[in-house]
Amino acid sequence: MRRLLLGFIIGALPYVALAELRTWTTTDGRKAQGEIFEIEGDQIGLRIANRE
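Structural data, given as structure tokens:
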């Protein structure tokens, strides 16, 4: 059981690093605070802070 939990924690570490809030520049030059929630090919999905 402990090995399974340890494997899960180690496997989840890269995804935790992706979830940090950063400042991004949009294609039209605006700055936005957000976090990556998806990576597909050469595009990413951002979850913008303070936006529902």
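Going by full-length UniProt numbering, the first residue of the sequence shown is number 1, and it counts up by one from there. C-beta: ideal position from N, C-alpha, C; glycine also. This one's a predicted model, so the numbers in the text were calculated from it and none came from an experiment.
Between the alpha carbons of residue i and residue j, how many angstroms are there, rounded?
| i | j | result |
| --- | --- | --- |
| E35 | T25 | 12 Å |
| R51 | A32 | 11 Å |
| L21 | I44 | 14 Å |
| G41 | G7 | 26 Å |
| residue 64 | L5 | Beyond the ends of the chain as shown, which are 1 and 52, falls residue 64; an answer cannot be given. |
| R3 | T23 | 37 Å |
Do residue i and residue j have their C-beta atoms closer together than 8 Å?
| i | j | result |
| --- | --- | --- |
| F37 | R30 | no |
Looking at the secondary structure, which residues open and close the beta strand (DSSP E) in which residue i lies?
| i | result |
| --- | --- |
| L46 | Q43 to I48 |
| R22 | R22 to T25 |
| E29 | Residue identity check: residue 29 is Gly in the sequence provided, not Glu. No beta strand (DSSP E) holds G29; DSSP gives it neither H nor E. |
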